[in-house]
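Add 19 to the 1-based position in the sequence shown for the working numbering, that's all there is to it. Idealized CB from N, CA, C, for every residue including glycine. So the structure is just underneath, and the comments pick up after that.
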Amino acid sequence: MNVAERFAGSQVLVTGGLGFIGSNLARRLVGAGADVTVMDAMIPDYGGNPFNVHDIRDRLTVNISDVRDRAAMDHLIQGKDYLFNLAGQVSHLDSMRDPFTDLDINCRSQLSILESCRHRNPGVKVVFAGSRQQYGRPQYLPVDEQHPLHPVDVNGINKLAGEWYHILYSRTYGVRAASLRLTNTYGPGQLVKHSRQGFIAWFLRQALEGGDIELFGDGTQLRDLTFVEDVVDAFLLAASSERADGQAYNLAGETPISLGDLARLLVEITGQGAVRHVPFPPERQLIDIGSYYGSAAKIGAELGWRPRTPLREGLERTIRYYRDHLRHYL
């Protein structure tokens, strides 16, 4: 059985559901026959985009509301079998410029969501979108789940707290929850309006527009990338497995690549653009983590997940998507 088919007939709520990963997850669930509600606050510059569900709009329910609204969560969580909790502030830079908003969305609201689950629907299964940023600067590579957690920015601290609220409620109150520590997800539907939500989509836009891909420093920093369809697989596996309850898992790409090699690969695939080295902006260098790539051995052994999409294939599919639809994301 395809993992998505396990959700046929189920009631599902996706927070951040008009965003990049949430909309791809919603599309897979709708295709499998789930009854899906997506919740999104549509905060400017956060990534929510109605075009992300334009092709399935008549097959799901869209609720424009904020996870910080406890009354809305109390209402929407009732009767749901699964909650995919992807709503969040994901910009590391923005978290340093406006730490209290990041605290409110990534920390306080997560506790509020879990209280809604505990009091209104304690039987719901929750999967939370964590972040590799929870680890901070790696002390060794690849990073596994035993690595110390020393975030270097406000976002990493609040994502770590949000994750631990989920694990605490799973172990203490029986609100079954798991967390996936995501790393550099890319693919169709990603925000490309600005560069504050990660380098991949910004590199992609610069190449598609025939501009310079700007590399901070020497470009030798290593990263692992995960294609969004593989990430959706991980969310579905974690939601459908009792073994995942109370656990946190790394996701990881197949093979790490340097930022310089990635930029050059995008220029090669698009057939345009160029690569230019520029000095590190001070505010970015303060929170840069150097090279990072993770180990997905734990989720592989326990849930059977592994990245399946080769990097070049995933980038080619993403580029084709934006060549057709870029105007909807600018």
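In the structure shown, the three-state DSSP call for T56 is strand.
When the five nearest sequence neighbours on each side are left out, the beta carbons in the same chain lying within less than 6 Å of the beta carbon of V49 are those of V55, I75, R78, L79, in order along the chain. One alpha carbon belongs to L160, the other to I176, and they sit about 21 Å apart. Pairwise C-beta distances place the segment 265–276 in contact with the segment 309–329, as three or more of them are shorter than 8 Å. Contact check between the segment 323–337 and the segment 241–255: three or more CB pairs, one atom from each, fall below 8 Å, which counts as touching.
In this structure A253 is buried. Its beta-carbon is surrounded by 16 or more other beta-carbon atoms within 10 angstroms. A distance below 8 Å between beta-carbons, with the five flanking residues on each side excluded, links R137 to the following residues of its chain, in chain order: Y188, Y192, V194.
The residue from S259, Q304, P298 with its alpha-carbon nearest to that of R25 is S259. Burial state of E182 is buried, judged by a 10 Å Cβ sphere holding 16 or more other Cβ atoms. The beta carbons of L105 and G35 sit closer together than 8 Å. Note: S150 is bridge-paired with L201 in the DSSP secondary-structure output. If the five residues before and after L168 are omitted, its C-beta is found closer than 8 Å to the C-beta atoms of Q153, Y154, G155, L179, all from its own chain and listed in chain order. Residue burial annotation: N140 is buried, with at least 16 other C-beta atoms found within 10 angstroms of its C-beta. Check the Cα spacing between E321 and each of P329, Y312, A267: the tightest is with A267.
Within the segment 78–131, complete beta strand (DSSP E) segments of at least 3 residues are found at 80–83, 101–104, given in chain order.
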